[in-house]
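Asker:
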Amino acid sequence: MFYLCLSIFIPKPLENETLYILAIESSCDDTSVAVLKNDIMLSNVVASQKIHEEYGGVVPELASRAHQQNIVPVTYQALAKANIDKKQLSAIAFTRGPGLLGSLLVGTSFAKSLSLALEIPLIEVNHMQAHILAHFIKAENMKAPEFPFLALTISGGHTQIVKVKDYFDMEILGQTLDDAVGEAFDKSAKILGLPYPGGPLIDQYAAMGNPHAFEFPKPKVKDLNFSFSGLKTSILYFIQKQTSQNPDFITENLADICASIQFTIVHILMGKLKKAVKKTGIKNIAIGGGVSANSDIRKALKDAEKEMGWNTYVPNFEFCTDNAGMIGIVGYYKFKSGQFAEHDTSAKARYNLNS
Ligand code: KG4
Ligand code: ZN
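What the sequence shown shows, in my numbering, is residues 1452 to 1806, in sequence order.
#1: Quick check on DSSP: helix, strand or coil for M1492?
#2: With hydrogens ignored, establish whether the beta-carbon of S1606 is closer than 7 Å to any heavy atom of the ligand KG4.
#3: Rounded to whole angstroms, what's the CA-CA distance from T1796 to D1754? Just pull it up for me.
#4: Run the proximity test for C1479: is its beta-carbon closer than 7 Å to any non-hydrogen atom belonging to the ligand MN?
#5: With DSSP collapsed to three states, give me the class of L1552.
#6: Identify the residues that DSSP records as bridge partners of Q1626: which are they?
#7: Does DSSP classify D1480 as helix, strand or coil?
#8: Beta-carbon within less than 8 Å of D1707's beta-carbon, same chain only, minus the 5 sequence neighbours each way: which residues are those?
#9: Going along the chain, which residues of its own chain have a beta-carbon closer than 6 Å to the beta-carbon of F1561, five neighbours each way excluded?
#10: Are at least three pairs of beta-carbons, each pair with one atom in the region 1501-1515 and one in the region 1641-1652, less than 8 Å apart?
#11: So, is K1729 buried or exposed, given that buried needs 16 or more other C-beta atoms within 10 angstroms?
#12: Closest to E1756 by C-alpha separation, out of G1607, P1572, K1734 and K1532, would be which residue?
#13: Can you say whether H1712 is buried or exposed, counting buried as having 16 or more other CB atoms within 10 angstroms of its CB?
#14: If we call anything under 8 Å between Cβ atoms a contact, is H1582 one with G1739?
#15: Is any heavy atom in the ligand KG4 found nearer than 7 Å to the beta carbon of P1648?
#16: Please confirm whether any heavy atom of the ligand KG4 lies closer than 7 Å to the CB of T1807.
#17: With distances taken between CB atoms, is the gap from D1481 to D1773 smaller than 8 Å?
#18: Using 8 Å as the Cβ pair cut-off and three pairs as the minimum, do the region 1625-1642 and the region 1669-1681 touch?
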């Protein structure tokens, strides 16, 4: 019976068929739903969860509860904004992983129910692939990178350099051995007494400070891997030492501290990218993930175009941090290549980039 249901849902993609994909993202603390017409974004609604600010980080149990509250209204908003009736939808795409299991379960269960109720196919999406393929969304000021390209994915949970040979052919060349770069921003911000998520705040204060005011050690990590936990510790010791001599040290120097931290992080990221370009000979560079909203990494990449002849691809801000639009574009390419999910699929907290 169940098998019969599934076989009814699985379509053969037709040439020139217009596809309407409803995409759902719920891997961390943003509930997001998007509607795409082929590779064009019709709507991309994001409900960010403010509840975590007072705890200084994402509380998994609170995140999944907030997803449960948000998912239905956010879906209605996305459909209304796109001016699409649910009966017009061709498929439901959803984030299967990686992420917080409780959060992923909300999106996964909702996606499965919608797919069953509307009798349309289900498409599972890898969140990290989505951060990379977000570049293929057709939107103003966005151009798609040419294959092969190198993707630097920098978020709150990941830091990777990936060689992207085709939409679904990716190879991790290097990654963090401990903290992700977003964590390095957020934990440094916490040490400075800034609220969560501190990355965007460090960026704001850094714009007003001197990046060479203070020097922090750059980790010596082999090959194309990263390590950020040592940086966090050295910032902690530095701040403890300074505030023991001057309790107002942070307030008096906030912009300079933020600028120096940001300079160090961007220097580490750019150093590894240069190494990756040298190793692979690939000069098409795309960035993705929440930290790609950072103004200095964006500027450093633009400078590299002139200085090193790279072609750089930086997504619009709305496609940097977690959003369902990027899930939808992967859904679109998976639909076109006939990659559909079974309804007994389950959320995966750890999920290999190529799965
Ligand atoms: O991709 P994302 O929205 O969620 C994850 O999958 O983790 O990334 C969130 C991360 C947070 O650590 C946040 O502080 C960081 O991206 N972030 C930034 C900026 N905007 C967001 N970090 C530095 N500068 C920014 N402008
Ligand atoms: Zn993300």
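By construction, the Cβ of each residue, glycine as well, lies at the ideal position given by its N, Cα and C atoms.
Answerer: The short version:
#1: Note: M1492 maps to strand in three-state DSSP.
#2: At least one heavy atom of the ligand KG4 is nearer than 7 Å to the Cβ of S1606, so yes.
#3: Spanning the two alpha carbons is a distance of roughly 44 Å.
#4: No copy of the ligand MN appears in this structure; the ligands present are the ligand KG4 and the ligand ZN.
#5: L1552 carries a helical assignment under DSSP once its states are collapsed to helix, strand and coil.
#6: Per DSSP, Q1611.
#7: Secondary structure of D1480 (DSSP, three-state): coil.
#8: Hits under 8 Å: G1660, N1661, A1664 and F1665.
#9: Non-local beta-carbon contacts of F1561 in its own chain, meaning distances under 6 Å to residues more than five positions away in sequence, involve I1522 in chain order.
#10: Pairwise C-beta distances place the region 1501-1515 in contact with the region 1641-1652, as three or more of them are shorter than 8 Å.
#11: Exposed.
#12: E1756 has its Cα closest to that of K1734, out of G1607, P1572, K1734 and K1532.
#13: Reading off the sequence, residue 1712 comes out as Ile, not His. Counting the other CB atoms within 10 Å of its CB gives I1712 a total of 16 or more, which places it among the buried residues.
#14: The answer is yes: Cβ separation under 8 Å.
#15: True, at least one ligand heavy atom lies under 7 Å from that Cβ.
#16: Given a span of 1452 to 1806 for the chain in the structure shown, any question on residue 1807 remains unanswerable.
#17: Taking a C-beta distance under 8 Å as the contact criterion, D1481 and D1773 qualify as a contact pair.
#18: Counting Cβ pairs under 8 Å, three or more are found: they touch.
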